[in-house]
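Peer 1: Have a look at this one.
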Amino acid sequence: MKQQYGTLLPLIAVITLALSACNQAPEPEQSQPPITSATPPDAEAMERVGQRSDAVCATVATLHATVTGFLDAPSTDALQAAQAAWLDAHDHYRLLAADYKLAAIAPPQVSNDRDTVDAWPMIPGYLDQVPGYPRSGLVYSEVPLTPDFLASEHQSTDFHYLTQGFHPLEFMLWGSEEETPASQALKFDPGQANDDDLDIPGRRRDLTRLMSVTLARSVEPLCVQEEQTRLAMALAKQGQLEALAMDPARVAHEPTIAPAGDASTDSEEAGQ
């Protein structure tokens, strides 16, 4: 028995050493640097973003007021005031849209490649008559002009059929290229001779008024605090807080959708 114990002792020692090695605490791994999010924008950056988006909502509100004034009492002067307000509001929106592009995020009103604020180009003949397409468009149809209808029709069957946003309103204010402010304003005059069963000047006013109202509502999400913070954070993440453009003339206004097939009725952006 002593001989057997003598044989087992070295084996037990080896096993003990092995178990001891297994029970030793592993050496601590070298710690990895923590993953941090983008540096939050400072108060100055938030203020700049807030000023940009608030300016859009303020100028669109002014646009809506001037469009309403024109529709309530159509005149050349009132139309030109509405056109000037459109240019001012659209310039401010172009600056804000450039910020979203720098931030690599979409504005809140863009969904499924559809934009209720600044989609273009468009087919103006879908809205009102144009050269070569007399008595055409929604103005000359019998469909009820309501907010729900405009929302359902906007880019529904064709991306170029626009009923919401800056550019449909632009066309209603400027008309076709051959129109002057005086001739365009006359088309809205309640006293204008009307050969149709429909009240065409009245439908033109109703459609334009609805477009103005829906545009004002569509830009509202841009001006809430949460959205301003989202934009400022995205700009900070992209390192673009110092790159905000200040001159709308230097901001490219690229089409949001491919040009329509019928070039004769494409939007020429009369206001821009």
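In terms of mature numbering (1 follows the signal peptide of the UniProt record, and there is no 0), the sequence shown is residues -25 to -1, 1 to 247.
Beta carbons are placed, not taken as given, at the ideal position from N, Cα and C, and that holds for glycine.
#1: Excluding the five sequence neighbours on either side, which residues of its own chain have a C-beta within less than 7 Å of the C-beta of residue 185, listed in chain order?
#2: Between the C-alpha atoms of residue 78 and residue 213, what's the straight-line distance to the nearest angstrom?
#3: Is it buried or exposed, residue 157, if we count other Cβ atoms within 10 angstroms and call 16 or more buried?
#4: Return helix, strand or coil for residue 44, following the three-state DSSP convention.
#5: If you pair each beta-carbon of the stretch 162 to 181 with each one of the stretch 25 to 35, do three or more pairs fall below 8 Å?
#6: What is the C-beta distance between residue 131 and residue 42, in whole angstroms, given that I count them as a contact (C-beta under 8 Å)?
#7: Starting from the C-beta of residue -3, find all residues in its chain whose C-beta is less than 6 Å away, skip the five residues before and the five after it, and write them out in chain order.
#8: Whose C-beta lies closer than 7 Å to the C-beta of residue 167 among residues of the same chain, with five residues either side of it excluded?
#9: With DSSP as the reference, label residue 180 as helix, strand or coil.
#10: From residue 227 to residue 93, what distance separates their C-alpha atoms?
#11: Can you tell me where the alpha helix (DSSP H) with residue 70 in it begins and where it stops?
#12: To the nearest angstrom, how far is it from the Cα of residue 8 to the Cα of residue 138?
#13: Smallest Cα separation from residue 49: which of 140, 183, 143, 72?
#14: Enumerate, from N- to C-terminal direction, the unbroken alpha helix (DSSP H) stretches of 4 or more residues contained entirely within the stretch 97 to 177.
#15: Drop a sphere of 10 angstroms on the beta-carbon of residue 90, count the other beta-carbons inside from all chains shown, and report buried for 16 or more, exposed for fewer.
#16: Considering Cα atoms alone, identify which of 118, 117, 103 is closest to residue 111.
#17: Any beta-carbon of chain C closer than 8 Å to the one on residue 209?
#18: In the DSSP assignment, what residue or residues form a beta bridge with residue 85?
#19: Measuring CB to CB, does residue 61 end up less than 8 Å from residue 231?
#20: Determine the DSSP secondary structure at residue 231, reduced to helix, strand or coil.
#21: For the alpha helix (DSSP H) that contains residue 210, what are its first and last residues?
#22: Three-state secondary structure (DSSP) at residue 35?
#23: Quick one, which of 219, 203, 197 has its alpha-carbon nearest residue 35's?
#24: Within the same chain, show all residues whose beta-carbon is closer than 8 Å to that of residue 153, passing over the 5 residues directly before and after it, in chain order.
Peer 2: Taking the definition as stated:
#1: Translated into the one-based positions of the sequence shown, residue 185 becomes position 210. Closer than 7 Å at the Cβ level, and outside the excluded window around residue 185, lie 120, 122, 125.
#2: Stepping through the sequence shown from its first residue, residue 78 is reached at position 103. Stepping through the sequence shown from its first residue, residue 213 is reached at position 238. Rounded to the nearest angstrom, the two C-alpha atoms are 6 Å apart.
#3: Residue numbering aside, residue 157 sits at position 182 when the sequence shown is read from its first letter. Classification for residue 157: exposed.
#4: Looking up residue 44 in the sequence shown gives position 69. If DSSP states are grouped into helix, strand and coil, residue 44 belongs with the helices.
#5: no
#6: By 1-based counting over the sequence shown, the position of residue 131 is 156. By 1-based counting over the sequence shown, the position of residue 42 is 67. The Cβ separation is near 24 Å, so there is no contact.
#7: Residue numbering aside, residue -3 sits at position 23 when the sequence shown is read from its first letter. Confidence is the limiting factor: at residue -3 the pLDDT is only 41, short of 50, which leaves the residue's position unreliable, though a coordinate-based value still follows. Contacts found: none.
#8: Counting from one through the sequence shown, the residue named residue 167 turns up at place 192. 161, 176, listed in sequence order.
#9: Along the sequence shown, read from residue 1 onward, the residue named residue 180 stands at position 205. Residue 180: helix per DSSP, three-state reduction.
#10: Residue numbering aside, residue 227 sits at position 252 when the sequence shown is read from its first letter. Residue numbering aside, residue 93 sits at position 118 when the sequence shown is read from its first letter. About 13 Å.
#11: Taking the first residue of the sequence shown as 1, we reach residue 70 at position 95. That run of the alpha helix (DSSP H) goes 51 to 78.
#12: Taking the first residue of the sequence shown as 1, we reach residue 8 at position 33. Taking the first residue of the sequence shown as 1, we reach residue 138 at position 163. Its pLDDT being 38, under 50, residue 8 is placed unreliably in this model, and the value from its coordinates should be taken loosely. If I take the Cα positions, the gap works out to 52 Å.
#13: Reading the sequence shown from its first residue, position 74 is the one you call residue 49. Looking at the Cα atoms, 183 is the closest of the given residues.
#14: 122 to 128, 141 to 149, 156 to 161
#15: Looking up residue 90 in the sequence shown gives position 115. It counts as buried.
#16: Reading the sequence shown from its first residue, position 136 is the one you call residue 111. When only C-alpha atoms are compared, the closest one is 103.
#17: The structure shown contains no chain C; it holds only a single protein chain.
#18: Stepping through the sequence shown from its first residue, residue 85 is reached at position 110. DSSP lists 90 as partners of residue 85.
#19: If you number the sequence shown from 1, residue 61 lands on position 86. If you number the sequence shown from 1, residue 231 lands on position 256. No, Cβ-Cβ distance for residue 61 and residue 231 is not below 8 Å.
#20: Along the sequence shown, read from residue 1 onward, the residue named residue 231 stands at position 256. Coil.
#21: On the sequence shown, residue 210 is found 235 positions in, with the first residue counted as 1. Its alpha helix (DSSP H) spans residues 200 to 212.
#22: The residue given as residue 35 occupies position 60 in the sequence shown. DSSP places residue 35 in helix when its eight states are reduced to three.
#23: Here the question's residue 35 lines up with position 60 in the sequence shown. With distances taken between Cα atoms, residue 35 lies closest to 197.
#24: As a first step, residue 153 must be located in the sequence shown, where it is residue number 178. Once the five neighbours on either side are set aside, the close Cβ partners of residue 153 are 106.
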